[in-house]
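**Q**
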Amino acid sequence: MATPHACAALVDVFPDLLRARRALVGALSTPAVATLAVVHQRGSMRISEVAEHLSLDLSTVSRQVAHLRQKGFLDSSPDPDDGRSQRLTVSAEGTGELRRTRRDLVDKLVERLSDWPDQEVGDLTRLLDRLATTATATATGGGCARTGPAATSPDTTTHTREKQLQGNA
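Residue numbers (numbering that gives the first Met the number 0): 0 to 168.
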C-alpha cells in the first residue's frame, strides 16, 4: 500500500516531470500540443469541449486555438447544432505537425535515455500509464484516455493505440 511518505516523494517529482515535458515538446507550447492532440484524437469539437477535456480555462484554450488556427494547424466551421459556435478539426498541416512533434519527442528521448535499458523504459512507461489511469479514474469516476502528443499523434505505437481503443471502449 502506498504510504504518505512515498506519495509525498512522488508529488515532489511532478514539477520536474512538467519541466521535462516542456523541454521535450520544443517549438509548440505544451498547451498548444495538448489542444491539437485532443482535437485530433476526439475529432470535431467546440472550444468549450476542448477546455473541459483538458481541464483548462476557456480563455487559455481560446488563445491556443487562435494560435493554432493562425499557423494553419486547426480549421473551424459553424456548429450545425448551434450557429453561434464553431467546430474545430485538425488540418493536414496540423496532422503533419503532430507527426513531427512525436518524432522529435521520440528522438530526444532516445538521445537522453541512451544509457537506459529498454526494460527500464518499459517499466517506467507501464508505471506512468498506471499512475495516469488510476489518478484520472479516481478524479473523474471512470477511466480517461491519455491526451499527450505521444499518445494521440498520428504515428502512435501499436501499444499506445491499443490503450486508446481500450480507453474508448
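All C-beta atoms in this analysis are idealised placements derived from N, C-alpha and C, irrespective of residue type, glycine included.
1. Tell me whether Gly42 sits in a helix, a strand or coil according to DSSP, three-state version.
2. Between the Cα of Ser84 and those of Ala91, Met44 and Ala131, spot the shortest distance and give me the residue it belongs to.
3. Which same chain residues, not among the five before or five after Leu112, have their C-beta less than 8 Å away from its C-beta?
4. Could you compute how far the alpha carbon of Ala65 sits from the alpha carbon of Thr94?
5. Looking at C-alpha atoms only, which residue of Ala33, Asp74, Asp80 and Pro79 is the closest neighbour of Val60?
6. Specify the secondary structure class of Asp128 as computed by DSSP and reduced to three states.
7. What number of angstroms, rounded off, separates the C-alpha of Leu9 from the C-alpha of Leu126?
8. Quick check: the stretch 68-75 against the stretch 100-119, are there 3 or more CB pairs under 8 Å?
9. By how many angstroms is the C-alpha of Gly82 removed from the C-alpha of Arg98?
10. Indicate the three-state DSSP secondary structure (helix, strand or coil) for Leu55 in the structure shown.
11. If Leu23 sits next to Leu104, beta carbons under 8 Å apart, how far is it from one beta carbon to the other, in whole angstroms?
12. Rounded to a whole number of angstroms, what is the C-alpha to C-alpha distance between Arg20 and Asp11?
13. Is His39 closer than 8 Å to Val89 when the C-beta atoms are compared?
**A** According to the structure data:
1. Walking along the sequence shown from the start, residue 42 turns up at place 43. In this structure, Gly42 counts as coil in the three-state DSSP scheme.
2. Position 85 of the sequence shown, counted from the first residue, corresponds to residue 84. For the residues Ala91, Met44 and Ala131, the minimum Cα distance to Ser84 belongs to Met44.
3. Here residue 112 corresponds to residue number 113 of the sequence shown, with the count starting at 1. So the list reads Val120, once near-sequence residues are dropped.
4. Within the sequence shown, the letter at position 66 stands for residue 65. Within the sequence shown, the letter at position 95 stands for residue 94. The straight-line gap from Cα to Cα measures roughly 17 Å.
5. Counted from its first residue, the sequence shown places residue 60 at position 61. The shortest C-alpha separation from Val60 is found at Ala33.
6. Along the sequence shown, one-based indexing puts residue 128 at 129. The answer is helix: DSSP assigns Asp128 an H, G or I state.
7. As a first step, residue 9 is located in the sequence shown; it is residue number 10 there, counting from the start. As a first step, residue 126 is located in the sequence shown; it is residue number 127 there, counting from the start. Distance between the alpha carbons of Leu9 and Leu126 is about 12 Å.
8. no
9. Locating residue 98 in the sequence shown gives position 99, where the first residue counts as 1. Locating residue 82 in the sequence shown gives position 83, where the first residue counts as 1. Rounded to the nearest angstrom, the two C-alpha atoms are 32 Å apart.
10. Walking along the sequence shown from the start, residue 55 turns up at place 56. Residue state, collapsed to three classes: coil.
11. In the sequence shown, residue 23 corresponds to position 24, counting from 1. In the sequence shown, residue 104 corresponds to position 105, counting from 1. With 8 Å as the limit, Leu23 and Leu104 qualify as a contact, their Cβ atoms being about 5 Å apart.
12. Along the sequence shown, one-based indexing puts residue 20 at 21. Along the sequence shown, one-based indexing puts residue 11 at 12. C-alpha separation (whole angstroms): 16 Å.
13. Indexing the sequence shown from 1 puts residue 89 at position 90. Indexing the sequence shown from 1 puts residue 39 at position 40. In this structure, His39 lies closer than 8 Å to Val89 by Cβ.
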